[in-house]
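To start, the structure itself, in C-alpha cells.
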Amino acid sequence: MMQLRMTDAVHKEMRSDLRRSHPFAYERVGYIFIKPAGGAVLVATGYEPVPDEFYIEDMTVGARIDHRGIALAMKRAGKNREGILHAHIHAGRGFPRFSRDDLADHPNLLRSFRNADSKMPHGFLLLSNDKMMARVWFPGKEAYLDIFRYTIVGLPLQYDWIGGHSSECTK
Numbered sequence: 067m068m069q070l071r072m073t074d075a076v077h078k079e080m081r082s083d084l085r086r087s088h089p090f091a092y093e094r095v096g097y098i099f100i101k102p103a104g105g106a107v108l109v110a111t112g113y114e115p116v117p118d119e120f121y122i123e124d125m126t127v128g129a130r131i132d133h134r135g136i137a138l139a140m141k142r143a144g145k146n147r148e149g150i151l152h153a154h155i156h157a158g159r160g161f162p163r164f165s166r167d168d169l170a171d172h173p174n175l176l177r178s179f180r181n182a183d184s185k186m187p188h189g190f191l192l193l194s195n196d197k198m199m200a201r202v203w204f205p206g207k208e209a210y211l212d213i214f215r216y217t218i219v220g221l222p223l224q225y226d227w228i229g230g231h232s233s234e235c236t237k
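Numbering (the working numbering), first residue to last: 67 to 237.
Printed below as a string of C-alpha cells:
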C-alpha cells in the first residue's frame, strides 16, 4: 500500500500556514512537494505557502488563487524534479473528503502540475483537524490513487493507516 511520509517540521509548517486567517479567503492553500522513495512511499521534500497577493476575491469558493500561485509550484517542481500536492484543510475530524469545487478544479490544476514535470506524481493533499489523505496521479496513468496511509517522522513518531489506528511511538 502506498503511503505519504513527511518530517514533523514540514507537517507543522504546513498545518500552521494553512490555519492562518486570510483577509478575504475562507481557507488557505499551499503546496507539498514530493518524491517517490521506493515502490510504496512518497516523501514530502518541503512545503510552500501561496502568498496573500496571489489569492483572488471569489466568495463562491473557500479559496481561489491566480496563475502566479500555480506558477510558483510549477517553477519549484520543474527545477527540483519534484511532484506537487496542492494542499488545504477542511475543518472537522476524521479522513476528509474533497468538495464539489475541489473536484471541479482538479483537472486544470493537474494539467499544470504535469506540465512542470510529467515524470513525477502529482495531486492533492486534503487535511482535516486530525487526519489527511492524498489523491495522486502517477506518470502515464489517468486513474488516481487515494492514499490514506501517512507517517510523520519525528518524536513522537505518528502514523495512520486506513482500517487501522492512529498511534504514537516515542522510541
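Cβ coordinates follow ideal geometry from the N, Cα and C atoms, glycine included. Bear in mind that the values here come from a model prediction, so they are computed numbers and not experimental data.
Annotation: P205 to K197 spans about 26 Å, alpha carbon to alpha carbon. I100 is positioned such that its CB atom lies closer than 8 Å to that of P187. Note on P162: 16 or more other CB atoms within 10 angstroms of its CB, so buried under the neighbour-count rule. Within the stretch 104–128, the complete beta strand (DSSP E) segments at least 3 residues long are 107–115, listed from N- to C-terminus.
Residue pairing by DSSP places G96 opposite P115 and A153 in a beta bridge. When the alpha-carbon of E79 is set against those of H133, F90 and G96, the nearest one is in G96.
In the structure shown, A209 adopts coil according to DSSP, grouped into three states. DSSP, read as helix, strand or coil, puts G158 in coil.
The C-alpha of S82 lies about 11 Å from the C-alpha of H154. Buried is the label assigned to I213, since at least 16 other Cβ atoms lie within 10 Å of its Cβ. Here D168 is buried: its Cβ has 16 or more other Cβ atoms, across all protein chains shown, within 10 Å.
The alpha-carbon of S194 is positioned some 30 Å away from that of K145. If you look at R215, you'll find it in the beta strand (DSSP E) that goes R215 to V219. Here A91 is not near E114, since their CB atoms are 8 Å or more apart. Taking 8 Å as the upper bound for CB-CB distance, V107 and R71 are in contact here, some 6 Å apart. Each of G105, R215 and D132 was checked against the Cα of E119, and the nearest Cα belongs to D132.
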